[in-house]
Structure formats: C-alpha cells, structure tokens
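>
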Amino acid sequence: MVEQNLRPDVVVFDCDGVLVDAVSSWRTLHDAFGTDNALNLNRFIRGEISDVEFMRSDIQMWKAVVNPIHRDDLFRAYAGVALMPGAREVVAKLQDAGVFVAIVSAGVDLFVSSIASMLKVDDWIANGFVFDEEGYLTDEGVCRLHATGKGEIITKLLKMNDLDVARCVSVGDSEMDLSMHVEGSRFIGFNPSRDSSVEAFARAAVPVVVEKNLRAILPLLGFDDD
Ligand SMILES: [Mg+2]
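Letter by letter, the sequence shown follows residues 61 to 286 in my numbering.
(1) From the DSSP output, read off the bridge partner residues of residue 100.
(2) Let's see if you can read the secondary structure: which residues bound the alpha helix (DSSP H) around residue 264?
(3) Just checking residue 71 against ligand 1 - is the residue's beta carbon closer than 7 Å to any of the ligand's heavy atoms?
(4) Around the C-beta of residue 160, are 16 or more other C-beta atoms found within 10 angstroms, so that it is buried, or is it exposed?
(5) Please determine, among 229, 242, 232, the residue with the shortest C-alpha to C-alpha distance to residue 215.
(6) Taking all protein chains shown into account, decide if residue 220 is buried (16 or more other Cβ within 10 angstroms of its Cβ) or exposed.
(7) Beta carbon of residue 188: closer than 7 Å to some heavy atom of ligand 1?
(8) Taking CB distances under 8 Å as the criterion, tell me whether residue 235 reaches chain B.
(9) Using DSSP bridges, identify the partner residues of residue 230.
(10) Quick test of the definition: if touching needs 3 or more C-beta pairs under 8 Å, does the stretch 170-179 touch the stretch 68-85?
(11) What is the residue span of the beta strand (DSSP E) that residue 163 lies within?
(12) For a test of your reading of the model: does the CB of residue 211 fall under 7 Å from any non-hydrogen atom of ligand 1? Yes or no.
(13) Please confirm whether residue 90 and residue 96 have their CB atoms less than 8 Å apart.
(14) With 16 other CB atoms within 10 Å as the buried threshold, where does residue 127 fall?
(15) At which residues does the beta strand (DSSP E) containing residue 201 begin and terminate?
(16) Applying the 10 Å Cβ sphere with the 16-neighbour rule, what's the burial state of residue 226?
(17) Run the CB neighbour count on residue 252, radius 10 Å, all protein chains shown included, and call it buried at 16 or more, exposed below.
(18) State the beta-bridge partners of residue 183 as determined by DSSP.
(19) Count the other CB atoms, across all protein chains shown, that sit within 10 Å of the CB of residue 210; report buried if there are 16 or more and exposed otherwise.
(20) Contact defined as beta carbons within less than 8 Å: I believe residue 115 pairs with residue 201. What is the distance between those atoms, to the nearest angstrom?
(21) Can we say the stretch 250-270 touches the stretch 231-238, given the rule of at least three CB pairs closer than 8 Å?
(22) Around the C-beta of residue 187, are 16 or more other C-beta atoms found within 10 angstroms, so that it is buried, or is it exposed?
(23) Could you say which of 199, 190, 285, 176 lies nearest to residue 73 if we only look at CA atoms?
Here it is, written out as structure tokens:
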C-alpha cells in the first residue's frame, strides 16, 4: 500500500512531454511547415529576445511558407500527436479522489485547449495565437505566461481556488518547469528529454520518473499505479 498522506489536493501538469507524447507544440507546427526556429529558440533561452518577439518570428517563418494560414491548418498539424500513455487514467483517478487538476503550459493554446477538454481538467492556461474574424492567423502571438515563470501562475491558481501550497504537486519534463516548484510545494520530474533537464532535476534534488507512462507518478502521489 502506498502512503495516503502523500495525496495532494492539487496537481499541476506541464502539457508538452508530460500529458502528450510530443516535446513541443511549437515544434510540431514547425515540422508541419518544414521550418526550423532553433536559432531564435537559443536566443530566447539566453534571454536575448522576448516571448512575444519569439512568437512573432515563428509566425513570420510559417507565413513565408504558407500565407494566409487558417486556424484549421494549424489544428490539423496536431492530428498525429498522441496523449502520453496513462494520462487519461491518471487525470481521472486524481479527479475521482477530489484532486484539482490543472495544466500550466507555455505551449500553443489551440492545442492545449483540446487536451484540456479531452482530459476534462479543472483549469488550464497556455500561450498562443490571435486569429482574425475569418479564422486567419494574425502576425502577433499572445503571451500569457513565461516558460520560466510558471510559479507565479500556480501561486495565483492556488489563491483563486483556496488551495494550500503544501498540498500542491507539479509535474514537468524540462528545466524550465522547475519554475513550477513553488516554495512549499512538491515537484516531480517526468521523462526529462534533454541532458540539460536531467542535470537540472538532479541539481534540484527532485524525484524523477523515467518511464513513458504517466501512471508511474501515481505512487509519488499516494495512489496505487494500477
Ligand atoms: Mg514540457
């Protein structure tokens, strides 16, 4: 039997690489358009360009390939992306036990919203796009949260729903997700995909699950993993 006192009141998931089996919902769009924005990704990670500038550069690259771009074209790019094995069961199990489940993602809202409704989570937030009245992509993105600033969002979410930080667990797959580790809460590293993520999780001394099935986090949350 696992320890029931480990059970949280709220679990906050990163989306890309945690609830879905794809590293980045931005990357999925680049793959669909045959573009590569690695240069600006590195500039963004180094803090040389802002989220808004980064999103604008993504959109410019895609529009250089296809213009105009309809919302449906973007949505179609996600057709091949699968949920992480176990995601549906884990979210259902948590919610059945009265746990509040949220998604805090710096990924694409168009995609994250579909995952949120598929899994019926209690709340979600992501970055994304602006479309005109006919559904065509405009030149600017919407930045609702910074990939390294997820903690502020989680703190707000806890306050809004009257939840205790000590009863909060976040789950992420990258070093940027360590910003979800609000003081007093717990964090679980899930399948870190980059070496830098593996190293960052080790430095932060957080528990790490290395199994491509979300059920593997259940014992850390005080649930049996069946
Ligand atoms: Mg991720």
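Cβ atoms here follow ideal geometry from the backbone N, Cα and C, with glycine treated the same way.
Concretely, from the data shown:
(1) Against the sequence shown, residue 100 aligns to sequence position 40. According to DSSP, which records beta bridges pairwise, residue 100 is partnered with nothing at all.
(2) Reading the sequence shown from its first residue, position 204 is the one you call residue 264. Per DSSP, the continuous alpha helix (DSSP H) segment holding residue 264 begins and ends at 255-264.
(3) Here residue 71 is taken as the residue at index 11 of the sequence shown, counted from 1. No, the beta carbon of residue 71 sits no closer than 7 Å to any heavy atom of ligand 1.
(4) Taking the first residue of the sequence shown as 1, we reach residue 160 at position 100. Buried: at least 16 other Cβ atoms inside 10 Å.
(5) Numbered from 1 along the sequence shown, position 155 holds the residue referred to as residue 215. The shortest Cα separation from residue 215 among 229, 242, 232 belongs to 242.
(6) For this step, residue 220 is matched to residue 160 along the sequence shown. Residue 220 should be labelled exposed.
(7) Within the sequence shown, the letter at position 128 stands for residue 188. Answer for residue 188: no, Cβ out of range of ligand 1.
(8) In the structure shown, chain B does not exist; there is a single protein chain.
(9) Against the sequence shown, residue 230 aligns to sequence position 170. Beta-bridge pairing links residue 230 to 72, 247.
(10) Using a C-beta cut-off of 8 Å, the stretch 170-179 makes contact with the stretch 68-85, since at least three inter-stretch Cβ pairs fall below that distance.
(11) In the sequence shown, counting from the first residue as 1, residue 163 sits at position 103. The continuous beta strand (DSSP E) containing residue 163 extends over residues 160-168.
(12) For the purposes of this step, residue 211 is identified with residue 151 of the sequence shown, where counting begins at 1. For ligand 1, not one heavy atom lies less than 7 Å from the Cβ of residue 211.
(13) Here residue 90 refers to the residue found at position 30 when the sequence shown is read from its first residue. Here residue 96 refers to the residue found at position 36 when the sequence shown is read from its first residue. Against a cut-off of 8 Å, the Cβ pair of residue 96 and residue 90 comes out as a contact.
(14) Along the sequence shown, one-based indexing puts residue 127 at 67. Around the beta carbon of residue 127, fewer than 16 other beta carbons sit within 10 angstroms, so the residue counts as exposed.
(15) The residue given as residue 201 occupies position 141 in the sequence shown. Run containing residue 201: 197-202, per the beta strand (DSSP E) assignment.
(16) Here residue 226 corresponds to residue number 166 of the sequence shown, with the count starting at 1. Exposed is the call here.
(17) Translated into the one-based positions of the sequence shown, residue 252 becomes position 192. Per the 10 Å Cβ criterion, buried.
(18) To locate residue 183, count along the sequence shown from 1; it is residue 123. Per DSSP, the beta bridge partners of residue 183 are 162.
(19) Along the sequence shown, read from residue 1 onward, the residue named residue 210 stands at position 150. Burial call: buried.
(20) Mapped onto the sequence shown, residue 115 falls at position 55. Mapped onto the sequence shown, residue 201 falls at position 141. Confirmed, Cβ separation roughly 3 Å.
(21) Enough Cβ pairs lie closer than 8 Å, so yes.
(22) For this step, residue 187 is matched to residue 127 along the sequence shown. Per the 10 Å Cβ criterion, buried.
(23) On the sequence shown, residue 73 is found 13 positions in, with the first residue counted as 1. Closest in alpha carbon position to residue 73, among 199, 190, 285, 176, is 176.
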